[in-house]
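> So that you can map any letter, position 436 of the sequence shown is 475 in our numbering, and since no number is skipped, the others follow by simple counting.
Glycine included, C-beta positions come from ideal geometry on N, C-alpha and C.
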Amino acid sequence: MVVEDNKHDDGRSTEEWLFQAQELVPLSLDKAKEVKNFPGRWKMIISKLEQIPTRLSDLSSHPCFSKNALCKEQLQAVSSILREAIHLAELCVMDKYEGKLKMQSDLDALSGKLDLHLKDCSLLIKTGVLGEATLPLPISSEVDVSSNIRELLARLQIGHLEAKHRAIEKLHDVMKDDEKSVLAVLTRSSIAALVQLLTATSPRIREKTASIICSLAESGSCENWLVSEGVIPPLIRLIESGSAIGKEKASITFQRLSMSSETARAIVGHGGVRPVIDLCQTGDSVSQAACACTLKNISAVPEVRQVLAEEGIVKVMISLLNCGMLLNSKEYAAECLQNLTSSNENLRRLVISENGIRSLLAYLDVPLPQESSMGALRNLVGSVSEQSLVSMGLLPRLAHVLQSGSIGAQQAAASTICKVCGSGEMKKMIGDAGCVPVLVKMLEAKSNGAREVAAQAVSSLMVLSQNQREVKKNDKSVPNLVQLLDPNPQNTAKKYAVACLGSLSSCHKCRKLMISYGAIGYLKKLIEMDIPGAKKLLERLERGKLRSLFSRK
40 MVVEDNKHDD GRSTEEWLFQ AQELVPLSLD KAKEVKNFPG RWKMIISKLE QIPTRLSDLS
100 SHPCFSKNAL CKEQLQAVSS ILREAIHLAE LCVMDKYEGK LKMQSDLDAL SGKLDLHLKD
160 CSLLIKTGVL GEATLPLPIS SEVDVSSNIR ELLARLQIGH LEAKHRAIEK LHDVMKDDEK
220 SVLAVLTRSS IAALVQLLTA TSPRIREKTA SIICSLAESG SCENWLVSEG VIPPLIRLIE
280 SGSAIGKEKA SITFQRLSMS SETARAIVGH GGVRPVIDLC QTGDSVSQAA CACTLKNISA
340 VPEVRQVLAE EGIVKVMISL LNCGMLLNSK EYAAECLQNL TSSNENLRRL VISENGIRSL
400 LAYLDVPLPQ ESSMGALRNL VGSVSEQSLV SMGLLPRLAH VLQSGSIGAQ QAAASTICKV
460 CGSGEMKKMI GDAGCVPVLV KMLEAKSNGA REVAAQAVSS LMVLSQNQRE VKKNDKSVPN
520 LVQLLDPNPQ NTAKKYAVAC LGSLSSCHKC RKLMISYGAI GYLKKLIEMD IPGAKKLLER
580 LERGKLRSLF SRK
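(1) Pick out whichever of K75, C160, C110 has its Cα sitting closest to the Cα of M133.
(2) How about K141: is its C-beta nearer than 7 angstroms to some C-beta of chain C?
(3) Return the residue from the list K70, Q143, D471, L153 that minimises the CA-CA distance to F77.
(4) Is M501 buried or exposed, if buried means 16 or more other CB atoms sit within 10 Å of its CB?
(5) Just the C-alpha distance for A493 and I456, rounded to the nearest angstrom, thanks.
(6) Assess, as a yes-or-no matter, whether the stretch 79-87 is touched by the stretch 50-59 under the definition of 3 or more beta carbon pairs within less than 8 angstroms.
(7) If I measure Cβ to Cβ from I357 and keep anything under 8 angstroms in the same chain, skipping five residues before and after, which residues do I get?
(8) If contacts are defined as beta-carbon pairs under 8 angstroms, then Q327 and S368 qualify, I think. What distance do you get, rounded to the angstrom?
(9) On the criterion of 16 or more Cβ atoms from any shown chain inside 10 Å, does E410 qualify as buried, or is it exposed?
(10) Between A305 and I271, is the Cβ-Cβ spacing less than 7 angstroms?
(11) Between I251 and L233, which are expected to be in contact by the criterion C-beta below 8 angstroms, what is the C-beta distance as a whole number of angstroms?
(12) Less than 7 angstroms between C-beta atoms, sequence neighbours within five positions excluded: which residues of the same chain meet that for C261?
(13) Spatial neighbours of I284 within its chain, please: CB distance less than 8 angstroms, with the 5 preceding and 5 following residues excluded, ordered by chain position.
(14) Where does the unbroken alpha helix (DSSP H) through M465 begin, and where does it stop?
(15) Mapping the DSSP letters down to three states, classify G35 as helix, strand or coil.
(16) Answer yes or no: do L562 and L543 have a C-beta to C-beta separation smaller than 7 angstroms?
(17) Within the continuous alpha helix (DSSP H) that includes Y136, where are the two ends?
(18) I believe A594 touches A472 by the beta-carbon criterion, under 8 angstroms. Please report the beta-carbon distance rounded to the nearest angstrom.
(19) Can you say whether C336 is buried or exposed, counting buried as having 16 or more other CB atoms within 10 angstroms of its CB?
(20) Pull up the CB-CB distance for Q522 and S486, whole angstroms please, since I reckon it's below 8 angstroms.
(21) Does the stretch 197-216 come within contact of the stretch 121-138, defined as at least 3 CB pairs closer than 8 angstroms?
(22) If I measure Cβ to Cβ from S180 and keep anything under 8 angstroms in the same chain, skipping five residues before and after, which residues do I get?
(23) Just the C-alpha distance for L580 and A452, rounded to the nearest angstrom, thanks.
(24) Identify every run of the alpha helix (DSSP H) within the stretch 325-351, keeping only runs that are complete inside it and at least 4 residues long; order them along the chain.
(25) Okay, do the stretch 508-518 and the stretch 474-488 touch, 3+ Cβ pairs below 8 angstroms being the bar?
(26) Less than 7 angstroms between the beta carbons of L520 and A536, yes or no?
(27) Assign R51 to one of three DSSP states: helix, strand, or coil.
(28) Using the C-alpha atoms, what's the distance from I291 back to D217?
(29) Let me make sure I understand the geometry here. Which of D317, G138, G310, L366 has the alpha-carbon closest to that of V25?
(30) Let me check understanding here. Comparing Cα to Cα, which of R295, Q235, L365 lies closest to K203?
(31) Could you compute how far the alpha carbon of T53 sits from the alpha carbon of C110?
(32) What three-state label does DSSP hand F77 in the structure shown?
(33) Please classify S241: does DSSP put it in a helix, a strand, or coil?
(34) Does DSSP put A558 in a helix, in a strand, or in coil?
(35) Is DSSP giving C546 helix, strand or coil here?
Pasting the structure below:
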C-alpha cells in the first residue's frame, strides 16, 4: 500500500527504491513458482507479479519520476508487497502457516493489494497525476497544505481507502480557505475520485466529500464533469439515507445541477424524484428549500411532469405553499405549480381538487406577492367557474397585485383578467374592484409584454360602458393608446390599442386627442399591415376631422 506518512523511508532516493523493487520482482516470482499448495490462488498472484516490471518501467520513464513524492511512496509500497509475497511463499513451501483458512485469507489480501498497486501505477501515468503532483506532502498536520493542492487531489485517486480519507479531510479544510486555488487545478480524474468517495463506508467521509462536491457545483465550473462521472446516483442515496449534513449538501448540489434540463431528466431517470419529495417534507429549512427548488427546476421539463404528479408532488407543493419554513420554499412551490399547470389540463384539475387556488390566493396576501403564484393562478382560472373565483376572493387580490406587485406579477394579473372577464357581470366586478385605472397605467410599462396584456385587458373590459367611463377619466389613456399604434414589429400591443381607441372614438373629445397625438399617420401604416379595425377607426377620425373643418369655416 502507499505509505503516506513515509514512516518506512530510510533516506534512500526514488531511484534507489526503484532498484530495490526491480530486484525483488524476480525473487518473488521464483518463490511463488515453488509453491505447490493453493495452486489457483498462486497462479493468480504470479500473473499479477509478472505485470509489475512493465509498470515500473512506465513509471521510471516519466519526466517527473524523480521529483514526485508519490512515485517514491508507490515504490516503497511495491517493495513492501513484494517482500510480503516472498514471505507468504516461503511459509507455503515449508508448510509453516497457522491454518489453511488463515493462509487463504492472507493470499486473497495479497492478491487484492497487487491489484491496487497495479492500478495505482497505471493511474499515475495515464491520468496525468504524476505530472500534476510534484511537491512532497508535509509530514506535520499543522502546516498549510494549500501549496500542495495538486498532490492532495492526486492522493484522492491512488492508494488505500485510509490514505484517501486523510486526503479528503485535508482537501475539505483547504476548500474552506482557498477554493479558487482548488478550482484552478481541478481535473476530471479528481472529480471521478470524489464521486467514488461519496459511497465511502465512513459517514464522516461521505459528509466531507458531499460538502466539497456541493462547493464545486455551486462554483458553476464543473457541473458537466460531475454529471458525466456519475454523481447523480450516489447523491440520491445520500438524500435517502445520509446524515443530516449529507442530505443538506446533496440537496443543495441537486438544486444547482437540476438547472440543466438534461440533468433534471437524469435525476428523474435514476429514481431521484421520490427521495427529493420525501426530504422536502422531512428535512430542515435549508434542505427543504433546496429540494423545493430542485423540484421546481425538474417541473420545467414538460415530459417529466406526469412522473412528478404520480409521485405526489402536487399535494406536497401546496402544503409547502401553506407551511414552508422559508419564504424561498414557498416561492419555489408556487413556481413549481406554475410549471405543472402551464399546459396540462389533468394537472390543473389535480391542483384545483387539492384546494391549490385558495393556497395560491392566500400566498398573494404576503407583503410582496410574487409573479409565480399569480402565474399559476392565471393557468388555473380558466378551469373554474366565475362564481367560485369571486367567492374565493380573486378580484381584490388581482387589484392588489396590479397596484403593488412586480412588473412580472402585474403582467400575470392582467393576463388573468383577460381569461376571466367573460361575462358582463364579471367585467363589472373587475371594474368595481378598481382594476381599470391600474391597467391604463400599465400601458406605459417598459416591457412590450406588459403593455400588450394591459391593452388586451382594457379592450376586453371596455365592452362595458361603466369601464369605458373609467378609461376616459384618465387623461393619459388616449395618449398612451395612440403610442401603442406604433407599427414597429416589436410593438405587439397595436391590435388591442386599435380596439380600445375604436371604443373611445364615439367621444368627440377623445377623437380630437387621437388626431392631435398623430393617430391618423399610425393608422395608415397599420392598414398596410392588415391590422383589424385600423381602417374603420381611420375613416371615423377622418370624417370627424372633415366635419370639424367645415364647422370652423
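Taking the geometry as given:
(1) By one-based count along the sequence shown, residue 133 stands at place 94. Considering only K75, C160, C110, the residue with the shortest C-alpha distance to M133 is K75.
(2) Reference to chain C is not applicable here, since this structure consists of a single protein chain.
(3) Residue numbering aside, residue 77 sits at position 38 when the sequence shown is read from its first letter. Sorting K70, Q143, D471, L153 by C-alpha distance to the C-alpha of F77 places Q143 at the top.
(4) Position 462 of the sequence shown holds residue 501. By the Cβ-count criterion, M501 is buried, with 16 or more other Cβ atoms from all chains shown falling within 10 Å of its own Cβ.
(5) One-based indexing of the sequence shown puts residue 493 at position 454. One-based indexing of the sequence shown puts residue 456 at position 417. Separation of A493 and I456 (C-alpha to C-alpha, rounded to the nearest whole angstrom) is 9 angstroms.
(6) Three or more beta-carbon pairs separated by less than 8 angstroms are not found between the stretch 50-59 and the stretch 79-87, which leaves the two stretches without contact.
(7) The count along the sequence shown starts at 1 and reaches residue 357 at position 318. Setting aside the 5 residues that flank it on each side, I357 is surrounded in the same chain by A372, L376, V390, E393, N394, G395, S398, each with a C-beta closer than 8 angstroms to its C-beta; the list follows chain order.
(8) Along the sequence shown, read from residue 1 onward, the residue named residue 327 stands at position 288. Along the sequence shown, read from residue 1 onward, the residue named residue 368 stands at position 329. The pair is a contact, with the Cβ atoms about 5 angstroms apart (cut-off 8 angstroms).
(9) Position 371 of the sequence shown, counted from the first residue, corresponds to residue 410. Classification of E410: buried, given that the 10 Å Cβ count is 16 or more.
(10) For the purposes of this step, residue 305 is taken as residue 266 along the sequence shown, with counting starting at 1. For the purposes of this step, residue 271 is taken as residue 232 along the sequence shown, with counting starting at 1. Less than 7 angstroms divides the Cβ of A305 from the Cβ of I271.
(11) Taking the sequence shown and counting its residues from 1, the one referred to as residue 251 is at position 212. Taking the sequence shown and counting its residues from 1, the one referred to as residue 233 is at position 194. I251 to L233, Cβ: 6 angstroms. Contact.
(12) The sequence position of residue 261 within the sequence shown is 222, counting from 1. Once the five neighbours on either side are set aside, the close Cβ partners of C261 are L225, I230, L255.
(13) Indexing the sequence shown from 1 puts residue 284 at position 245. Counting only Cβ-Cβ distances below 8 angstroms, and skipping sequence neighbours, we find E246, A249, S250.
(14) As a position in the sequence shown, residue 465 is number 426, starting the count at 1. Taken as a continuous stretch (DSSP letters only), the alpha helix (DSSP H) holding M465 covers 463-471.
(15) Nothing can be reported for residue 35, as the shown portion of the chain is limited to 40 through 592.
(16) For the purposes of this step, residue 562 is taken as the residue at position 523 of the sequence shown. For the purposes of this step, residue 543 is taken as the residue at position 504 of the sequence shown. For the 7 angstroms CB-CB criterion, L562 and L543 do not form a contact.
(17) Residue numbering aside, residue 136 sits at position 97 when the sequence shown is read from its first letter. First-last for Y136: undefined, no H or E at that position.
(18) Coverage of the chain is limited to positions 40 through 592, which leaves residue 594 absent and any answer about it impossible.
(19) Looking up residue 336 in the sequence shown gives position 297. Checking the displayed sequence, the identity of residue 336 turns out to be Asn instead of Cys. Per the 10 Å Cβ criterion, buried.
(20) Numbered from 1 along the sequence shown, position 483 holds the residue referred to as residue 522. Numbered from 1 along the sequence shown, position 447 holds the residue referred to as residue 486. The Cβ separation is near 14 angstroms, so there is no contact.
(21) No, they do not touch.
(22) As a first step, residue 180 is located in the sequence shown; it is residue number 141 there, counting from the start. Bear in mind that the predicted position of S180 carries a pLDDT of just 40, short of 50, making it unreliable; the figure below should be weighed with that in mind. Nothing listed; no residue qualifies.
(23) Here the question's residue 580 lines up with position 541 in the sequence shown. Here the question's residue 452 lines up with position 413 in the sequence shown. Cα to Cα, L580 sits roughly 33 angstroms from A452.
(24) Restricting attention to alpha helix (DSSP H) runs no shorter than 4 residues, the stretch 325-351 encloses them at 344-349, ordered along the chain.
(25) Two segments are said to touch when three or more pairs of C-beta atoms, one from each, lie closer than 8 angstroms; by this definition the stretch 508-518 touches the stretch 474-488.
(26) In the sequence shown, the residue the question calls residue 520 occupies position 481. In the sequence shown, the residue the question calls residue 536 occupies position 497. Yes, they are a contact pair.
(27) In the sequence shown, counting from the first residue as 1, residue 51 sits at position 12. Three-state result, R51: coil.
(28) The count along the sequence shown starts at 1 and reaches residue 217 at position 178. The count along the sequence shown starts at 1 and reaches residue 291 at position 252. C-alpha separation (whole angstroms): 21 angstroms.
(29) Past the boundaries of the shown model lies residue 25; the chain is included only from 40 to 592, so the question cannot be answered.
(30) Position 164 of the sequence shown, counting from 1, holds the residue named residue 203. Selected option, being the one with the closest Cα: Q235.
(31) Numbered from its first residue, the sequence shown carries residue 53 at position 14. Numbered from its first residue, the sequence shown carries residue 110 at position 71. Looking at the two C-alpha atoms, the distance is approximately 7 angstroms.
(32) Counting from 1 along the sequence shown, the entry for residue 77 is found at position 38. Of the three classes helix, strand and coil, the one that applies to F77 here is coil, per DSSP.
(33) Your numbering for residue 241 matches position 202 in the sequence shown. In the structure shown, S241 falls within a coil segment according to DSSP collapsed to helix, strand and coil.
(34) Within the sequence shown, residue 558 is the residue found at index 519, counting from 1. Per DSSP, reduced to three states, the secondary structure at A558 is helical.
(35) Taking the first residue of the sequence shown as 1, we reach residue 546 at position 507. Coil, per DSSP.
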